[in-house]
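Note sheet for the following structure.
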Amino acid sequence: MELQVKRLEKSVSLPSIAKKGDAGFDLQCNETIELLPGERKTVSTGLQIAVPENHVGIIKDRGSVSLQKGLHCLAGVFDTGYRGEWKIVMANLGKEKVTLEKGMRFCQAIILPLAPVTVVEVKELNETERSHTGFGSSGE
331 MELQVKRLEK SVSLPSIAKK GDAGFDLQCN ETIELLPGER KTVSTGLQIA
381 VPENHVGIIK DRGSVSLQKG LHCLAGVFDT GYRGEWKIVM ANLGKEKVTL
431 EKGMRFCQAI ILPLAPVTVV EVKELNETER SHTGFGSSGE
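Numbered by the working numbering, the letters in the sequence shown go through residues 331 to 470 in order.
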């Protein structure tokens with residue numbers, strides 16, 4: 331599958347996959363930005379990406395950024411019709427101010443196929459073994 335990417339500036343790096351077989355490709359900051367504890371900001375990638383038809387772009391945390399800096403990605407869905415710059419909402423869940431430097435790999439994008447879905451209203455849902463049990467239903 332081909333992923334079409336447009337750089338908004340020559341200095342912006344293309345998305346990259348660190349190792350063969352990795353699910354996500356890393357995105358880099360296109361600006362230096364500071365996040366105070368509890369703060370949320372959008373971070374520019376400097377990229378426009380055309381998600382292929384019948385697919386979706388999902389933004390996920392990079393493990394090292396989450397663990398070491400306490401950052402978390404929010405609002406991470408890019409639909410196939412979106413053609414604007416990919417800006418990522420980041421939240422600082424840590425207790426320290428965090429600086430994301432321009433060029434730093436700060437999140438990853440995964441391109442996934444979509445199954446066609448038709449919403450159908452029903453009076454009852456079929457029963458399952460789990461039924462209505464929720465959080466913690468499978469044990470600790």
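Think of the CB as a built atom: it goes at the ideal place given N, C-alpha and C, for glycine as much as any other residue.
Here the structure is a predicted model, which means the values were calculated and not measured.
> Which one of Val407, Glu426, Asn384 and Thr372 has the shortest CA to CA distance from leucine 397?
Replying inline: Glu426
> Since alanine 380 and leucine 404 are thought to touch, with beta carbons under 8 Å apart, how far apart are those beta carbons, to the nearest angstrom?
Replying inline: That belief does not hold up - the Cβ atoms of alanine 380 and leucine 404 are roughly 23 Å apart, past 8 Å.
>> Between which two residues does the alpha helix (DSSP H) holding leucine 366 run?
In response: Taken as a continuous stretch (DSSP letters only), leucine 366 belongs to no alpha helix (DSSP H), as it is neither H nor E.
> Touch check for the region 355 to 362 and the region 429 to 436: three-plus C-beta pairs under 8 Å?
Replying inline: yes
> Are the Cβ atoms of glycine 354 and alanine 439 separated by less than 8 Å?
Replying inline: yes
> What is the DSSP secondary structure of leucine 397, counted as helix, strand or coil?
Replying inline: helix
>> Cutting at 6 Å between CB atoms, please list the residues of its own chain near leucine 430, excluding the five before and the five after it.
In response: Cys359, Ile363 and Phe436
>> Quick test of your reading: proline 443 and histidine 385, contact by CB under 8 Å. State the CB separation rounded to the nearest angstrom.
In response: 6 Å
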